[in-house]
Amino acid sequence: MTREKIKQITVLSGKGGTGKTTISAVLAQLSSPISLMADCDVDAPNLHLLMDPTDSSSERFLSGKIAIKDSELCTKCGKCLKVCRFDAINTDFEIDSMHCEGCGACAWICPESAITMEIQPSGTIYEAKTRFGPMVHALLDVGAENSGKLVSEVIQKSQELAQHEEKKVIIVDGSPGIGCPVIAALTNADLVIIVVEPTMTAIHDMKRVIELTQFFKIQPAVIINKATINEEQRVSIVDFCKNESIPIVGELSYNLAIYKAMVNGETILEYGIQELEGSLNQLWKNISELLQ
Ligand code: SF4
Ligand code: SF4
9 MTREKIKQIT VLSGKGGTGK TTISAVLAQL SSPISLMADC DVDAPNLHLL
59 MDPTDSSSER FLSGKIAIKD SELCTKCGKC LKVCRFDAIN TDFEIDSMHC
109 EGCGACAWIC PESAITMEIQ PSGTIYEAKT RFGPMVHALL DVGAENSGKL
159 VSEVIQKSQE LAQHEEKKVI IVDGSPGIGC PVIAALTNAD LVIIVVEPTM
209 TAIHDMKRVI ELTQFFKIQP AVIINKATIN EEQRVSIVDF CKNESIPIVG
259 ELSYNLAIYK AMVNGETILE YGIQELEGSL NQLWKNISEL LQ
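The sequence shown begins at 9 in this note's numbering and counts up one residue at a time.
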C-alpha cells in the first residue's frame, strides 16, 4: 500500500515582525493532532516560546570543514598565507576559524602536512513534545554560518518524525527574507503561506516571496495580518492577489491582545480573542481546501 504524502505548509513573511510565528503557532493548534511543527528560523527561533517544548532530545549538527594547524609541524614557510583567498590566515600563519571557508587550499599546499581539514559542529537540533504535537527545532551556534544546511536538516528530521508518528501535515515556521534558509525551508513544501501586513515595505517583501514560490512552482497563499491598520494598503494587497490569482486564506484585524497572548506564552486562539475566533476557524478550513 502506498503511503499518503505528508503535506507541508511553509509559513513565510519576507519581512520580520509581521506575525509569522504567531500564525504558525495558531496553525499548529488548528491542525492538531494530525500535525507536527518545524521551526526553521534557526538564526532567531522563537516558536518554542509559544510552544513550551518538553522532553527534548538533541544532537549536534555537523556542517562544513575548517582548517586546523598543528603549530609544532609548521616551519613558517608562508605558503598557506599566499594561497588563502579568504584572508583567514594572518602574517604569523595562524588560522582564524571565523573566516575560514573550508576550501582546503592551505592543507593541500602545506609542505609539512601541518594543516588538516576538520568537520565542525555549527548548531544543535532538538526533537520535542508540545501540547499540540511533536516539534523539531534548531539553533545555530553563535557566529556559525550554514543556516541553510541546518534548515535542510530540520526539514529532513521533520519528515522522518512525521512519518514515524503518522502525522499528515507539517507546519514549517520559516525565516524572514528570501535568502538561503528560506529556500531550504521550501524543500518539500506543498503550500506557502505568506503573512503580510498592510504596509508598503511588507507588500514589497510579500511580492519577492511570491516570485520565489513561482520560481519553485509551489502554490502560494496570503494571510493579511493587522488588516485594519491601513485600509488603502489592505485593498492594494487584495487587488494584487486577485490579479495574480493568489488566494487570501485569512484576514486578521489588529488587536493588542495578540501581544498579551505572546507574553502569556499562548496562541491567539488559546488566549481567547473573541473578535478573531471566526477568522481563525475559517482560516484552517480555507487552507485545508487548498491542500486538497
Ligand atoms: S604552509 Fe604549512 S608550514 Fe608553511 S606556514 Fe603554512 S602551516 Fe606552516
Ligand atoms: S581552508 Fe581555505 S579558507 Fe580556510 S584557511 Fe585554508 S585556504 Fe583559507
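Ideal Cβ placement from N, Cα and C applies to all residues, glycine included. Since this is a predicted model, take the numbers as computed values, not measurements.
1. Taking 8 Å as the cut-off, is the beta-carbon of residue 85 closer than that to any non-hydrogen atom of ligand 1?
2. Could you tell me the distance, in whole angstroms, from the CA atom of residue 189 to the CA atom of residue 71?
3. What three-state label does DSSP hand residue 253 in the structure shown?
4. If you count every other CB in all the chains shown that lies within 10 Å of the CB of residue 258, and 16 or more means buried, which is it?
5. At the level of alpha carbons, what is the spacing between residue 201 and residue 298?
6. Please tell me whether, using a cut-off of 8 Å, the distance from the CB of residue 96 to the nearest non-hydrogen atom of ligand 1 is below it.
7. Please report how far the alpha carbon of residue 203 lies from the alpha carbon of residue 164, in whole angstroms.
8. Could you work out which residue in 157, 117, 213 is closest to residue 82 when comparing CA atoms only?
9. Report the CB separation of residue 96 from residue 107 in whole angstroms; it is logged as a contact under 8 Å.
10. Just mark residue 41 as buried or exposed, buried being the case when its beta carbon has 16 or more other beta carbons within 10 Å.
11. Output the boundary residues of the beta strand (DSSP E) element that contains residue 130.
12. If you draw a straight line from the alpha carbon of residue 25 to that of residue 260, how long is it in whole angstroms?
13. Are residue 4 and residue 58 closer than 9 Å when you measure CB to CB?
14. Strictly by DSSP, which residues pair up with residue 47?
15. Does the count of Cβ pairs from the stretch 151-165 and the stretch 46-54 closer than 8 Å reach three?
16. Say yes only if the C-beta of residue 89 is nearer than 8 Å to one or more non-hydrogen atoms of ligand 1, and no if none qualify.
17. Over the uninterrupted beta strand (DSSP E) stretch that includes residue 227, give me the two end residues.
Taking the structure as given:
1. yes
2. 14 Å
3. coil
4. buried
5. 11 Å
6. no
7. 24 Å
8. 117
9. 4 Å
10. exposed
11. 123-138
12. 15 Å
13. Here the chain has residues from 9 to 300 only, and residue 4 is not among them.
14. 145, 181
15. yes
16. yes
17. 227-232
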